[in-house]
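First comes the structure, then the notes that go with it.
See the structure below:
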């Protein structure tokens, strides 16, 4: 994101075992809610959290719920790359966290890494858009993106992003 170029970030402390256990507990609790919306497109609740569609694969619901855990965290350049638990996340750190929540990643990638990740082209449920300077994903029709997030709002947005040239990728089978 242009406004953050050259910004410094403080390295994150590695998460403790207790913090990792709490993250796993939070994710499992979120998945137990079983909230879904009808149709093929995800919805947004009053807090700005995404709700997966009822027909989505479990992996998609896991990505959505993991993303919801950090959807209102602040933007921090480099955030999410030193440790999964961070005080804030940048664009690729946010997407990495969400995908890792469903077991689709085992380490964070930067936006250039996402340009080669997965399979080429749009996915049915999850599509990654990446270039060397920015990236975001669309999950069941909702955009998960650090740009356009104002007033401490959520990373989930209904509108699609325009402009720019992006590599378009997706997780195999999704």
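In our numbering, the protein residues as written are 34 to 207. By construction, the Cβ of each residue, glycine as well, lies at the ideal position given by its N, Cα and C atoms.
With respect to the beta strand (DSSP E) encompassing residue 163, which residues constitute its N-terminal and C-terminal limits?
Counting along the chain, the beta strand (DSSP E) containing residue 163 begins and ends at 159–163.
May I ask you to verify whether the segment 73–80 touches the segment 166–175, counting CB pairs closer than 8 Å and requiring at least 3?
Counting Cβ pairs under 8 Å, three or more are found: they touch.
For the segment 91–146, which segments carrying the alpha helix (DSSP H) assignment without a break, of at least 4 residues, lie completely within its bounds, in sequence order?
Listed in chain order, they are 91–103, 124–133.
If you compare alpha carbons, which of 139, 187, 201 is closest to residue 160?
Out of 139, 187, 201, 201 has the C-alpha closest to the C-alpha of residue 160.
Determine contact between the segment 123–133 and the segment 92–103, defined as no fewer than three beta-carbon pairs at a distance below 8 Å.
Touching, per the Cβ criterion.
Quick check: what's the CA-CA separation for residue 90 versus residue 111?
Taking the straight line from one Cα to the other gives about 30 Å.
Give the single residue among 143, 82, 51 whose Cα lies nearest to the Cα of residue 113.
Among 143, 82, 51, the Cα nearest to that of residue 113 belongs to 143.
Looking at the strands, I want to know which residues DSSP matches up with residue 175.
The partner list for residue 175 (beta bridge, DSSP) reads 172.
Are the CB atoms of residue 107 and residue 121 nearer to each other than 7 Å?
Result yes, Cβ atoms of residue 107 and residue 121 sit closer than 7 Å.
How about residue 288 and residue 207: are their beta carbons less than 7 Å apart?
For residue 288 there is no data in the structure shown, the boundaries of the chain being 34 and 207.
Going along the chain, which residues of its own chain have a beta-carbon closer than 7 Å to the beta-carbon of residue 151, five neighbours each way excluded?
Around residue 151: 161, 202, 203, 204, 205.
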